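For reference, the structure is listed below as C-alpha cells.
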Amino acid sequence: VALKGRARAEQKVAAEYSGDASQMRDILRGAIEAKDAGGAAEAAAGAEKEFKVVRRPDAPKDSGYRDINLTVQMPDGSLAEIQILTPAIAKVKSGGGHALYSRWQKVVAKARAEGRELTQNERAEADALIERMKALYEAAAEADGFGKPAPTNAASNDSGFSSQVDPVAWPSTPGRLTS
C-alpha cells in the first residue's frame, strides 16, 4: 500500500478533476499479484466482500494493460484503489511498461494542460508508445492464459485514443479486465 506522489497527484487533480482534489480515487493505492486469472478473480471477490466498491471500470485501455482495478470506500469515507494483477502483467509493468505509460502520460498531459489537441508529432509519439505497450501487455495477457483480444470497431475510452480491443472477462467473475 502506498500514497500517490504529491507532484503526480497535483498534476492529476489539475488535468482530470478541474482542481477538485476530492475526486481523486487513487491517492491511497495498493496492488495484489495473484498467481493466475482465477486467483485474481478470487482476490477481487474477497475485496468486494470487505469494502464498498464504488467504481470498477469495464474496458481495458488502448495500451493492452489489464488488471482488475477497484475503487473502494474506506471506513473513514476516503477512496482507495486496489489493483489486482497477474504475474506476466506485473512483470511487464515493472519491467518497462509503466515507464512507457509515464512517457505517454506526459505527452497527453502537456496538450491537456495547454487546452489543445495533440500536435501531429505528439500524436505520432503517443500512438507509438501505445503500440509498444500493447505489444508487451497483449503478449503478457496471452502468457497468463487470456488469449489475444479480438479486434473491434474503434471505440473511444477515457484515454482519448480509440480502442482496438474488446474487454475480456476474467474467468469466474462478473467483472472485466481493466487498465
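Residues in the sequence shown are numbered consecutively from 7, following this note's numbering.
Ideal Cβ positions, reconstructed from N, Cα and C, are used throughout, including at glycine.
These numbers were taken from a predicted model, which means no experiment stands behind them.
Element boundaries [beta strand (DSSP E), containing residue i]
i	result
Ile202	Summary: the structure shown does not reach residue 202, with the chain confined to residues 7 through 185, and so no result is reported for it.
Lys58	58-61
Gln111	Note, Gln111: premise wrong, no beta strand (DSSP E); alpha helix (DSSP H) at 104-119.
Gln79	74-79
Pair within 8 Å by beta-carbon distance, residue i and residue j
i	j	result
Arg109	Ala21	no
Gly70	Lys140	yes
Val78	Ala43	no
Ala15	Ile33	yes
Leu85	Val60	yes
Nonlocal neighbours in the same chain, by C-beta distance under 6 Å from residue i, ignoring five residues either side
i	result
Gln29	Tyr23
For residue i, three-class secondary structure by DSSP
i	result
Leu124	coil
Asp133	helix
Arg35	strand
Tyr71	coil
Cβ-based neighbour list, residue i, same chain, cut-off 8 Å, excluding 5 preceding and 5 following
i	result
Ala96	Ala37, Glu39
Cβ shell of residue i (< 7 Å), same chain only, five flanking positions each side left out
i	result
Tyr107	Ser69, Met139
Ala49	Ile38, Ala40, Ile90
Glu128	Val113, Ala117
Cβ separation of residue i and residue j, assumed to be a contact under 8 Å, to the nearest whole Å
i	j	result
Arg31	Lys10	No, Arg31 and Lys10 are not in contact; Cβ-Cβ is about 10 Å, not under 8 Å.
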